[in-house]
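J.: Residue numbers (UniProt numbering): 1 to 798.
Built from N, CA and C at the ideal position, the CB exists for glycine as well.
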């Protein structure tokens, strides 16, 4: 039986706290060394390097300090708990990977002519001006939150704090609060008597006065929650989770609660560092690491002396099961068994002692066995066992995480921490054992990329075989992003390896982009043809057109023309391109069609010969249509040559419609009649062409005369639409009354929309609608006195 853990608990008001040893300290804790602590790592600066350890004292990596210009300070990113950030004078260097070493440099904005002074989380303060900036880790750039402009002064690095959401500044006169999201600066207190500040994740603010040795705790709204007078000045003040404030002394940590109460935790050696965690406080002494945390309600219910709660009763029943079975079963009648099972399961997940975990899970299993199968969801118990097993594995690897921290970070984030430590095999085994198969792909991807970067002594073919064998072994060869491996290989100058990975990429888009990046344009084009997707093929060819030389692009087109003509169709209106490609590929029939379609002047001398060649073929309906088409074009060319000679303007090469448009533009009525008759242009087409031409030339009087000289075969709606589309609403209004397709109401609505007030007046007069005329009078602008006068006279006459 495990010893009762409550014997080492301390009670503060109605809450218990406990200090649990995580591990013995295995690295140097000299006070003159600078260090940074994360949830899983500790980084220590020596004379030559920054050394990074895990909590069990294993040296994970050493980073030569010469790669950094100046090291003002360094810390781990508060969110991902693994990225090391080095603050220099005007830069931050983000250490993304250790082996191989990957560093991203982020410079101060150009408008900031200052140096960096201090940092809390991702919020930075400059040295001279005390401007406040935010480091956006996703976009990898600084954002200016506020320019100081002498609004406040910060004397020491203890005179400000940021919890990620709120910045609190202890000015020499007042206390200021800055909202990081809104960038709004407000006064928190008028008079400043404080010398140190710290803020919890939930926004509780602790202010410390060194002169009177007192601290006060506020909510972010400014309301005072509690205050304490301290016996001795503390070495440091930190939050223990979100609910209590902790002060550290030489070998003691004191947690303070309401009404002057506090609890103390003594340690066998001096404390050199404390760090706030999500659910507690990490304490680093000269020899050991501890975690102070609040005891959850269900754990306290189980282990408190004399407890009669369900969890405690179930644990007692299990303890006597082996010796007094009848009494154990009798115990189960005195409490809610389901509540007892849930409490034991929850408490087991919070415990770090394996013996206590086993005892609590056995008690839960015993209680579960006494219920009907549908009274309790066994998946809850199974999931808890998986969680406990997983957390124990992590702790064996040096990742001392509580269940609450695990839930907050998530499985994937912890796997990323393991990959950073090159725990590839362990990560893969954990993912497989806990059925996180989707993450196995990410693990193998990361391992493959790292293998490429670090295996400079292995030739490309052998390295490909090693990695590909691993992909097949883990069965992720169809899910891995081989294009990414190709890019990594390319960046490392391993072009053979890059090409081999590009070829096995399953995504056609990524495969082709990788091949283009490797200058293998022919293979990229062949792969695009294999997709049988016209849009994708054209997209690839357009990309190549802007990438390769004209000569290379023509070679690619010549290669694919026998198999696919989609690009020719895409460029069907590009005469220069079609002329060039057909000439180079000796496709003279297609070349003749292109010349005929795009440049009629060049084809004119050859029309008789083409006509004779066509006429020599009999019994071909398509060629017969072409012959008639050629005859029509021959007649058009003759007519155009006559017009050119007679009128002195060039007509040759125009289409039938273009010729008609030019004649209308030149007001050649006789020629127009002859042309329309000769080429059998029907009235509807003639009216449409004339309407468009007169509108384009803004000959609106001629248009109205043409529209009204006789009944229009196309009606008057096309006149209205052409004018409206051209933005000539004033001119279009006069055609609305003539549109027979519109009802009276539609005409009124349309005329109101285009402000055709004169036509509306005529329409209402014709209908003898006095009320409508009066309403119209109210709508007519005052700068149209004639129309207003007309409406008034009309109403009087009516």
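Below 8 Å on the Cβ atoms is my guess for residue 732 versus residue 693; work out the distance and round it to an integer in Å.
T.: With a Cβ gap of about 17 Å, residue 732 and residue 693 do not count as contacting.
J.: Which residues mark the beginning and the end of the alpha helix (DSSP H) in which residue 344 is found?
T.: Counting along the chain, the alpha helix (DSSP H) containing residue 344 begins and ends at 337-350.
J.: Looking at the unbroken alpha helix (DSSP H) that takes in residue 327, where does it start and where does it end?
T.: 325-331 is the extent of the alpha helix (DSSP H) around residue 327.
J.: Please report the straight-line C-alpha distance between residue 716 and residue 574, rounded to a whole angstrom.
T.: Straight-line Cα distance between these residues: approximately 37 Å.
J.: Which first and last residues belong to the beta strand (DSSP E) in which residue 169 is found?
T.: Its beta strand (DSSP E) spans residues 166-170.
J.: Between the beta-carbon of residue 74 and the beta-carbon of residue 84, is there less than 8 Å?
T.: Yes. Within cutoff.
J.: For the beta strand (DSSP E) that contains residue 58, what are its first and last residues?
T.: Here residue 58 belongs to no beta strand (DSSP E), and DSSP marks it neither H nor E.
J.: Would you tell me roughly how many angstroms separate the C-alpha atoms of residue 185 and residue 86, rounded to the nearest one?
T.: Rounded to the nearest angstrom, the two C-alpha atoms are 28 Å apart.
J.: Out of 32, 48, 55, state which residue places its alpha-carbon closest to the alpha-carbon of residue 42.
T.: With distances taken between Cα atoms, residue 42 lies closest to 55.
J.: Around the Cβ of residue 14, are there at least 16 other Cβ atoms within 10 angstroms (buried) or fewer (exposed)?
T.: That one is exposed.
J.: According to DSSP, which residues form a beta bridge with residue 552?
T.: For residue 552, which the question treats as bridged, DSSP gives no partner whatsoever.
J.: Taking a contact to mean a Cβ-Cβ separation below 8 Å, would you say residue 452 touches residue 488 in this structure?
T.: Taking 8 Å as the Cβ cut-off, residue 452 and residue 488 qualify as a contacting pair.
J.: If you drop the 5 nearest sequence neighbours on each side, which residues of the same chain put their C-beta closer than 6 Å to that of residue 361?
T.: Only 348 meet the Cβ criterion.
J.: Over the uninterrupted alpha helix (DSSP H) stretch that includes residue 98, give me the two end residues.
T.: No alpha helix (DSSP H) contains residue 98, which DSSP labels as neither H nor E.
J.: Give the straight-line distance between the Cα atoms of residue 746 and residue 547, rounded to the nearest whole angstrom.
T.: Their Cα atoms are separated by approximately 56 Å.
J.: Between the stretch 144-163 and the stretch 114-134, do at least 3 Cβ pairs fall closer than 8 Å?
T.: Yes: at least three Cβ pairs fall under 8 Å.
J.: Ignore the nearest five residues each way along the sequence and tell me which others in residue 443's own chain have a CB closer than 8 Å to its CB.
T.: So the qualifying residues of the chain are 415, 419, 424, 427, 428, 431.
J.: Over the uninterrupted beta strand (DSSP E) stretch that includes residue 244, give me the two end residues.
T.: 244-248 is the span of the beta strand (DSSP E), which, as asked, contains residue 244.
J.: Can the beta-carbon of residue 114 be found closer than 8 Å to that of residue 105?
T.: Contact flag unset, no.
J.: Write down every uninterrupted run of the alpha helix (DSSP H) in the stretch 520-580 whose length is 4 residues or greater and which is fully enclosed by it, in chain order.
T.: You should have 521-530, 534-545, 550-560, 566-570.
J.: Quick check: what's the CA-CA separation for residue 103 versus residue 63?
T.: Roughly 11 Å separates the two Cα atoms.
J.: Rounded to the nearest angstrom, how far is the Cβ of residue 363 from that of residue 314, given a contact under 8 Å?
T.: Rounded, the Cβ-Cβ distance is 5 Å, consistent with contact.
J.: With a threshold of 7 Å on Cβ separation, who are the neighbours of residue 460 within its own chain once the five nearest residues in sequence on each side are excluded?
T.: Contacts found: 494, 496, 497.
J.: Curious, which full-length beta strand (DSSP E) runs of at least 3 residues does the stretch 427-504 contain?
T.: If we require 3 residues or more, the stretch 427-504 turns out to have no beta strand (DSSP E) run fully inside it.
J.: Determine the DSSP secondary structure at residue 300, reduced to helix, strand or coil.
T.: Correct three-state label for residue 300: helix.
J.: Would you call residue 775 buried or exposed, if buried means 16 or more other Cβ atoms sit within 10 Å of its Cβ?
T.: By the neighbour-count rule (16 or more Cβ atoms within 10 Å), residue 775 is not buried but exposed.
J.: When we look at the beta-carbon of residue 350 and count the other beta-carbons within 10 Å, is it buried (16 or more) or exposed?
T.: Buried.
J.: Short of 7 Å in beta carbon distance, which residues of its chain neighbour residue 528, apart from the five on each side in sequence? Order them along the chain.
T.: So the list reads 512, 536, 537, 540, once near-sequence residues are dropped.
J.: Can you look up residue 376 in the DSSP assignment and give me helix, strand or coil?
T.: Residue 376 falls in the coil class under three-state DSSP.
J.: Compare the C-beta of residue 644 against all C-beta atoms of chain B and say whether one is closer than 8 Å.
T.: No chain B appears in this structure, which consists of one protein chain only.
J.: Measure the beta-carbon distance from residue 482 to residue 458 and round it to whole angstroms, keeping in mind my assumption that it falls under 8 Å.
T.: 18 Å between Cβ atoms; not a contact.
J.: In angstroms, rounded to a whole number, what distance separates the CA positions of residue 714 and residue 684?
T.: Computed Cα separation, rounded: 6 Å.
J.: Of the choices 173, 646, 718, 413, whose alpha-carbon is the least far from that of residue 78?
T.: Among 173, 646, 718, 413, the Cα nearest to that of residue 78 belongs to 413.
J.: Which one or two residues does DSSP pair with residue 116 in a beta bridge?
T.: Answer is 126, bridged to residue 116.
J.: Do residue 245 and residue 203 have their CB atoms nearer than 8 Å?
T.: Contact flag unset, no.
J.: Any idea if residue 410 is buried or exposed, counting beta-carbon neighbours within 10 angstroms, 16 or more meaning buried?
T.: Residue 410 is exposed by the Cβ-count criterion.
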